[in-house]
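Asker: So that you can map any letter, position 215 of the sequence shown is 356 in my numbering, and since no number is skipped, the others follow by simple counting.
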Amino acid sequence: MATLYLVSTPIGNLGDMTYRAVEVLASVPHVLAEDTRRAGILFRRYGIDTPRTSFHEHNEAARTVTALAWLEAGEDIAIVSDAGTPLVSDPGARLVRGALDAGHSVVPIPGASAVLAALVASGLETDAFAFLGFAPRTGRARSEWLERATTVPFTVVLYEAPGRVGRLLADLQTRCGGERAVAVARELTKLHETFVRGTLAEVSAYYENSPVRGEVVVVLAGRPAEVASTGTALALAGQLLREGRRTSAVARELARRLGLPRNEAYEIALAASAEGGGEPT
Numbered sequence: 142m143a144t145l146y147l148v149s150t151p152i153g154n155l156g157d158m159t160y161r162a163v164e165v166l167a168s169v170p171h172v173l174a175e176d177t178r179r180a181g182i183l184f185r186r187y188g189i190d191t192p193r194t195s196f197h198e199h200n201e202a203a204r205t206v207t208a209l210a211w212l213e214a215g216e217d218i219a220i221v222s223d224a225g226t227p228l229v230s231d232p233g234a235r236l237v238r239g240a241l242d243a244g245h246s247v248v249p250i251p252g253a254s255a256v257l258a259a260l261v262a263s264g265l266e267t268d269a270f271a272f273l274g275f276a277p278r279t280g281r282a283r284s285e286w287l288e289r290a291t292t293v294p295f296t297v298v299l300y301e302a303p304g305r306v307g308r309l310l311a312d313l314q315t316r317c318g319g320e321r322a323v324a325v326a327r328e329l330t331k332l333h334e335t336f337v338r339g340t341l342a343e344v345s346a347y348y349e350n351s352p353v354r355g356e357v358v359v360v361l362a363g364r365p366a367e368v369a370s371t372g373t374a375l376a377l378a379g380q381l382l383r384e385g386r387r388t389s390a391v392a393r394e395l396a397r398r399l400g401l402p403r404n405e406a407y408e409i410a411l412a413a414s415a416e417g418g419g420e421p422t
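Laid out in structure tokens, this is it:
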């Protein structure tokens with residue numbers, strides 16, 4: 142049986158290519174590429190001369206038949222997307238299922254991932270997260286997608302086109318309020334890589350006056366746990382103050398852990414500081 146390799150490629154900086162990815166792409170007889178011209182830039186950089194065959198959403202069905210025939214003939218195949226890890230918001234799932242059903246090996250070649258790069262640098266929780274891809278543009282599908290994105294209790298990673306980022310942030314804010322934490326990552330690994338972090342209200346306001354260019358990943362904090370009682374919040378604030386934290390830091394932690402609005406969290410932190418004899422900061 143033959144092997145289908147899922148090869149991750151750089152998401153911007155060509156220096157992020159792995160040795161193993163180069164070896165695999167140079168050794169297989171066929172490479173399926175979402176955009177053969179874009180893949181050609183990478184191939185020339187690393188001296189890879191393997192023939193490339195287009196494989197995108199408009200020809201996926203036909204190319205899957207061709208690729209499965211190659212595998213049946215004992216010929217290994219590699220698949221690459223325009224950038225990052227194949228199959229993540231890109232075609233290829235049909236081919237993977239077909240290869241597995243036919244008894245072939247499917248081997249991932251790890252590398253760059255915009256999802257993980259944005260997540261780990263977002264400043265948000267990383268223990269559990271969901272990737273929801275691109276938001277539907279209109280209608281019930283968009284409404285249901287937004288409901289899911291804003292109600293899961295863990296971090297959510299989203300893709301969005303640059304021209305629609307402002308609308309997405311506004312819709313998220315409408316759904317879950319302006320206090321939810323968010324990070325917008327732009328042009329990851331490239332020269333103009335930027336992160337804008339803050340609350341939905343803050344980041345939405347920023348992008349009202351700042352046009353978005355380049356590839357964008359949005360990372361949204363999960364739905365906070367049910368808002369705690371004032372007594373619980375005061376007890377937690379007292380504990381944090383006794384650990385030596387400043388009042389402002391305690392307020393931020395209360396908002397993060399208990400889902401409190403920042404103003405309310407700060408008032409509780411001040412009250413706990415006063416009860417404990419500490420000086421507000």
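Note that the Cβ used here is the ideal one computed from N, Cα and C, for glycine as well.
This structure is a prediction, so every number in the text was calculated from the model and none was measured.
Just to confirm before moving on: does the CB-CB distance between residue 348 and residue 375 stay below 8 Å?
Answerer: Not closer than 8 Å, so no.
Asker: In the DSSP assignment, find the unbroken beta strand (DSSP E) run with residue 300 in it and report its ends.
Answerer: Per DSSP, residue 300 belongs to the beta strand (DSSP E) from 296-301.
Asker: For residue 246, report the span of its beta strand (DSSP E) as first-last.
Answerer: Unbroken beta strand (DSSP E) run through residue 246: 246-250.
Asker: Report buried or exposed for residue 275, applying the criterion of at least 16 other Cβ atoms within 10 angstroms of its Cβ.
Answerer: Burial call: exposed.
Asker: Is it the case that the Cβ atoms of residue 341 and residue 323 are separated by a distance below 8 Å?
Answerer: Cβ distance < 8 Å, so residue 341 and residue 323 count as in contact.
Asker: Within 8 Å, do at least three Cβ pairs link the segment 170-181 to the segment 215-222?
Answerer: Yes: at least three Cβ pairs fall under 8 Å.
Asker: Terminal residues of the continuous beta strand (DSSP E) containing residue 338?
Answerer: 335-340 is the extent of the beta strand (DSSP E) around residue 338.
Asker: CB residue 354 to CB residue 303, shorter than 8 Å?
Answerer: In this structure, residue 303 lies closer than 8 Å to residue 354 by Cβ.
Asker: On the CB-based measure, 16 or more other CB atoms within 10 Å of its CB, does residue 370 come out buried or exposed?
Answerer: The residue is exposed, with fewer than 16 neighbouring Cβ atoms inside 10 Å.
Asker: So what does DSSP say about residue 239, is it helix, strand or coil?
Answerer: Three-state DSSP puts residue 239 in a helix.
Asker: Nearest to residue 225 by alpha carbon, out of 201, 373, 251?
Answerer: Of 201, 373, 251, the residue nearest in Cα terms is 251.
Asker: So residue 150 packs on residue 253, CB below 8 Å; how close in whole Å?
Answerer: With 8 Å as the limit, residue 150 and residue 253 qualify as a contact, their Cβ atoms being about 7 Å apart.
Asker: Is it right to say residue 333 is buried, meaning 16 or more other beta carbons lie within 10 angstroms of its own, or is it exposed?
Answerer: Exposed.
Asker: Kindly confirm or deny that the segment 189-204 and the segment 276-291 touch, where touching means at least three C-beta pairs closer than 8 Å.
Answerer: Not touching, per the Cβ criterion.
Asker: Using a Cβ-Cβ cut-off of 8 Å, state whether residue 327 counts as contacting chain B.
Answerer: No chain B appears in the structure shown, which is made up of a single protein chain.
Asker: Who pairs with residue 322 in a beta bridge, going by DSSP?
Answerer: Answer by DSSP bridge pairing, in chain order: 340.
Asker: Among 271, 206, 261, whose alpha-carbon lies nearest the alpha-carbon of residue 243?
Answerer: Residue 206 is the option with its Cα nearest to residue 243.
Asker: CA-CA distance, residue 195 and residue 181?
Answerer: Using only the alpha carbons, I get a separation of about 11 Å.
Asker: Let me confirm a value: residue 301 is counted as buried when at least 16 other C-beta atoms fall within 10 Å, else exposed. Which label applies?
Answerer: Answer is buried; the Cβ neighbour count reaches 16.
Asker: Quick one: give me the first and last residue of the alpha helix (DSSP H) that residue 281 is part of.
Answerer: Run containing residue 281: 280-292, per the alpha helix (DSSP H) assignment.
Asker: With a Cβ-Cβ cutoff of 8 Å, do residue 363 and residue 297 count as a contact?
Answerer: Yes, the Cβ-Cβ distance between residue 363 and residue 297 is below 8 Å.
Asker: Output needed for residue 378: all residues of its chain with C-beta closer than 7 Å, excluding positions within five of it in sequence on either side, in chain order.
Answerer: The answer, listed in chain order, is 391, 395, 409, 410, 413.
Asker: With DSSP as the reference, identify every bridge partner of residue 147, one or two as the case may be.
Answerer: For residue 147, which the question treats as bridged, DSSP gives the partners 220, 249.
Asker: Using the C-alpha atoms, what's the distance from residue 404 back to residue 420?
Answerer: Because the pLDDT at residue 420 is just 48, under 50, the model does not fix this residue reliably, and the value given afterwards should be weighed accordingly. Those two C-alpha atoms are separated by around 18 Å.
Asker: Where residue 330 and residue 153 are concerned, what is the direct C-alpha to C-alpha distance, given to the nearest angstrom?
Answerer: Those two C-alpha atoms are separated by around 6 Å.
Asker: Leaving out the 5 sequence neighbours to the left and right, which residues in its chain are closer than 8 Å to residue 267 when beta-carbon positions are compared?
Answerer: Hits under 8 Å: 260, 261, 296.
Asker: Helix or strand or just coil, what does DSSP make of residue 275?
Answerer: Reduced to three states, the DSSP call for residue 275 is strand.
Asker: Could I get the ranges of all uninterrupted beta strand (DSSP E) runs contained in the segment 353-407, with 3 residues as the minimum, in chain order?
Answerer: Listed in chain order, they are 357-361.
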